[in-house]
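Just so you know, the sequence shown maps onto residues 11 to 539 in our numbering. Heads up, the beta-carbon is just placed ideally off N, CA and C, and yes, glycines get one too.
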Amino acid sequence: MADTGAVRQPNNTMRSPQVPLKSWIAVGGAMLGAFMAVLDIQITNASLEEIQAALGATLEEGSWISTAYLVAEIVVIPLTGWLSRVFSTRLYLLGNAIAFIFFSVCCAWAWNLPSMIVFRALQGFTGGVLIPMALTILLTTLPPAKQPIGMAMFAITAVFAPAIGPTVGGWLTENFSWHYIFYLNVIPGLVLVGAIWYALAPQPKQLHLLKQGDWLGIISMAIGLGSLQVVLEEGSRKDWFGSPLIVRLSIIAAIFLTAFFWIELTRKQPFINLRLLARRNFGLASIVNVSLGIGLYGSVYVLPLYLAQIQGYNPLQIGEVIAWLGLPQLLVVPLVPKLMQRIDSRLLIAFGISMFAVSCFMNSTLTHDTGIDELKWSQLVRAIGQPMIFVPLTTIATAGIEKEQAGSASGLFNMMRNLGGSMGIAALATLLTRREQFHSNRLGDSISLYDFNTQQRIDQLTQYFVSRGADMNTAHDRAIASLGNIVRREAYVMAFNDCFYFIGIALLLSGVAIIFFKKTKATGGAVAH
């Protein structure tokens with residue numbers, strides 16, 4: 011089959027291939043595992059302050075609770091294809107699912123910050139396996155005609171889980187305690203273990219592959235990707251290249267990632283097949299997937315930040331806003347496979363990107379009064395767009411991928427989206443800081459204490475503070491300070507608008523790649539049989 015090979019359109023007059031119930035149970039269990047792993051990326055964000063307070067950590071120290079998970083996750087994702095061949099898909103998935111449950115409970119029992127960071131890293135290392143393995147099981151278990159249904163299920167893990175994470179985390183923290191965001195994994199995790207144990211047949215292990223392992227490639231990838239992830243996560247907080255740590259890690263990342271690419275492209279049996287990126291549809295879809303990661307994780311990062319800083323929302327209120335993005339997707343996702351039978355997948359992706367971008371541009375007109383009543387409309391537009399991108403994009407990317415390459419394809423495709431998310435959040439954090447300073451300076455320059463309107467506003471604020479019991483001098487000082495706070499608040503609102511505008515532009519630019527996609531005749535994807 012050609013690299014970008016098209017799969018023939020199923021003949022509607024022919025009987026649809028029957029899929030054993032065990033196959034659906036295996037796919038469903040794997041999707042549940044991926045959902046938990048993706049959910050855990052975002053779920054701690056809504057409860058970070060409570061966790062930091064309980065562990066006696068500062069804001070900067072507490073940031074490592076998220077960083078540790080993401081670093082471990084992005085390192086293990088490319089390894090899953092090779093390790094699943096070594097230990098067998100069934101045993102590897104079962105082992106990591108059990109370990110994920112165990113380390114989730116350990117996170118809830120963490121007694122200080124170092125223990126939490128270690129447990130979060132181990133949780134990320136085991137949870138990161140669950141994401142690409144879900145796609146691998148889908149591609150190797152379901153026939154091409156049924157893969158669009160599986161892709162729709164996978165879309166729920168990829169686009170619904172990040173959206174609903176802050177909602178679930180906020181609700182659990184407000185009504186119970188932050189410990190329950192980790193206990194949440196126990197019951198679904200046991201269901202996952204039971205499903206895989208029952209539905210996947212035992213397979214032979216290939217432990218001899220450990221001796222033949224591409225260890226130089228693995229070590230260079232782990233050091234390079236791990237260093238890059240820390241740079242992206244901590245760069246904004248540490249003033250980027252003003253920090254010796256960030257400079258050193260950037261150099262390490264550049265050296266080891268260069269070595270990784272050289273090793274994998276020259277080795278006869280690499281642990282991950284980077285040559286898949288040279289396949290037209292897979293390579294272009296991976297580029298779009300990076301942009302999708304920027305949009306998915308970037309928007310879920312910026313909007314809660316705006317709601318907390320400008321509106322003063324608590325985690326539960328923030329969750330109510332984000333729910334307008336998450337819950338409607340459950341209605342949209344099942345419709346996408348049916349649309350793919352009638353509409354070119356490239357057009358669906360273009361429509362989805364347009365809707366996603368429009369929702370970001372809708373959010374680029376925020377004011378300090380914008381709340382849930384206004385934001386729910388942009389959230390609904392985004393909820394329509396995201397599944398329209400992900401399901402057909404994954405289908406096009408995996409069209410023509412052979413079964414033996416499914417592990418590499420899954421690892422690469424998921425890694426690109428997660429890497430896009432990390433790069434997007436890092437860029438947005440820096441953009442928010444720099445644009446707030448820019449707008450604050452501009453607004454400050456336009457305000458003069460000798461201007462009539464400014465004096466009038468100061469007088470109004472002074473009288474307000476006097477009415478609250480302050481003497482005239484104190485009230486005047488508070489009025490000037492209050493005016494400064496208003497200026498900074500408006501500067502932040504304008505900076506948040508710039509961030510959403512940036513996300514919208516990034517999405518539209520990635521849409522150019524759609525023009526160069528080779529048309530596939532399949533409604534679903536893809537593994538050559």
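On a CA-only basis, which of the options is nearest residue i? Give me that one, please.
i      : options                           : result
Ser420 : Ile282, Ile359 and Leu438         : Ile282
Glu500 : Arg467, Leu453 and Gly521         : Leu453
Ser114 : Tyr502, Leu219, Thr54 and Leu226  : Thr54
Gly303 : Gly175, Met433, Val139 and Gln447 : Met433
Gln279 : Glu59, Ile468 and Trp92           : Trp92
Val201 : Arg277, Leu517, Gly39 and Pro30   : Gly39
Leu517 : Ile111, Ile75 and Gly395          : Gly395
Gln447 : Arg247, Pro254, Val240 and Met504 : Met504
Asn428 : Pro344, Gln339 and Ser301         : Ser301
Leu217 : Leu286, Ser94 and Lys156          : Ser94
Gly305 : Asp354, Pro172 and Asn122         : Pro172
Lys528 : Val169, Glu59 and Ala407          : Ala407
Leu132 : Lys32, Leu438 and Ile84           : Ile84
Tyr316 : Ile174, Leu149, Gly410 and Cys509 : Cys509
Leu238 : Ala47, Gly521, Ile524 and Leu80   : Leu80
Met426 : Ile359, Pro88, Pro314 and Gly329  : Pro88
Thr10  : Ile328, Leu345 and Glu414         : One cannot answer for residue 10 here, as it falls past the ends of the chain, which runs 11 to 539.
Phe512 : Leu242, Pro214 and Ser309         : Ser309
Glu412 : Phe110, Phe292, Glu330 and Phe475 : Phe292
Trp547 : Gln28, Val29 and Lys248           : Because the chain in this structure spans residues 11 to 539, residue 547 falls outside the shown range and cannot be described.
Ser57  : Leu259, Pro325 and Glu384         : Pro325
Gln28  : Met482, Ala155 and Gln62          : Ala155
Ala109 : Ala168, Leu286, Asn195 and Ser355 : Asn195
Looking at the unbroken alpha helix (DSSP H) that takes in residue i, where does it start and where does it end?
i      : result
Asp50  : Leu31 to Gln52
Lys528 : From DSSP, Lys528 is part of no alpha helix (DSSP H); its letter is neither H nor E.
Arg478 : Counting along the chain, Arg478 falls outside any alpha helix (DSSP H), and DSSP gives it neither H nor E.
Ile84  : Trp74 to Val86
Leu386 : The residue you asked about is not Leu; residue 386 is Lys in the sequence shown. Ile382 to Thr408 is the extent of the alpha helix (DSSP H) around Lys386.
Leu101 : Thr99 to Ala118
Ser355 : Ser355 to Asn373
Lys348 : Val346 to Met350
Ile61  : Leu58 to Leu65
Phe135 : Leu123 to Thr151
Ala165 : Gln157 to Ala165
Leu341 : Pro325 to Val342
Given residue i, which residues of its chain have a CB within under 6 angstroms of its CB, disregarding the five upstream and five downstream residues?
i      : result
Cys116 : Phe129
Val343 : Ala162, Ala165, Ile166 and Pro397
Ala333 : Thr177
Gly245 : Ile256 and Ala436
Ala47  : Gly137, Leu140 and Ile141
Identify, in the order they occur along the chain, each residue of the same chain with its Cβ nearer than 8 angstroms to the Cβ of residue i, setting aside the five sequence neighbours on each side.
i      : result
Val497 : Ser450, Leu453, Gly454 and Ile457
Thr90  : Tyr102, Gly138, Val139, Pro142, Met143, Thr146, Gly417, Ser420 and Gly421
Ala120 : Leu65, Met126 and Phe129
Trp250 : Ile256 and Thr440
Tyr193 : Ser114, Val115 and Ala118
Leu519 : Ser301
Gly35  : The question names Gly, but residue 35 is Ile in the sequence shown. Cβ neighbours of Ile35 beyond the five flanking positions: Ala205, Tyr208 and Ala209.
Could you pull out every residue in the same chain whose Cβ sits closer than 7 angstroms to the Cβ of residue i, ignoring the five residues on either side in sequence?
i      : result
Asn21  : At Asn21, the pLDDT of 46 sits below 50, so the modelled position is not reliable; the number obtained from the coordinates is stated separately. Same-chain partners within the cutoff: there are none.
Leu284 : Phe271, Glu274 and Leu275
Phe526 : Leu294
Tyr311 : Ile435 and Leu438
Arg277 : Asp224 and Gly227
Measuring from the CB of residue i, is there a heavy atom of the ligand ZN at a distance below 6 angstroms?
i      : result
Ala419 : The model depicted lacks the ligand ZN and carries no ligand whatsoever.
Kindly provide the ranges of any alpha helix (DSSP H) runs that are 4 or more residues long and lie completely inside the segment 181–222, ordered along the chain.
190–193, 196–209 and 218–221
What ranges does the alpha helix (DSSP H) occupy inside the segment 244–296, keeping only unbroken runs of at least 4 residues that lie completely in it?
The segment 244–296 contains these whole alpha helix (DSSP H) runs: 254–276.
Answer yes if the segment 382–396 comes into contact with the segment 259–276, meaning at least three C-beta pairs across the two stretches below 8 angstroms, and no otherwise.
no
Check whether the segment 353–364 touches the segment 182–197, counting contact only when three or more Cβ pairs, one atom from each stretch, lie closer than 8 angstroms.
no
Three or more C-beta pairs below 8 angstroms linking the segment 400–411 and the segment 152–168
yes
Three or more beta-carbon pairs under 8 angstroms between the segment 349–359 and the segment 367–378, yes or no?
no
Check whether the segment 309–324 touches the segment 147–155, counting contact only when three or more Cβ pairs, one atom from each stretch, lie closer than 8 angstroms.
With contact defined as three or more Cβ pairs closer than 8 angstroms, the segment 309–324 and the segment 147–155 are not in contact.
Would you check if there are 3 or more beta carbon pairs closer than 8 angstroms linking the segment 227–236 to the segment 260–268?
Three or more beta-carbon pairs drawn from the segment 227–236 and the segment 260–268 are found closer than 8 angstroms, and the two stretches are therefore classed as touching.
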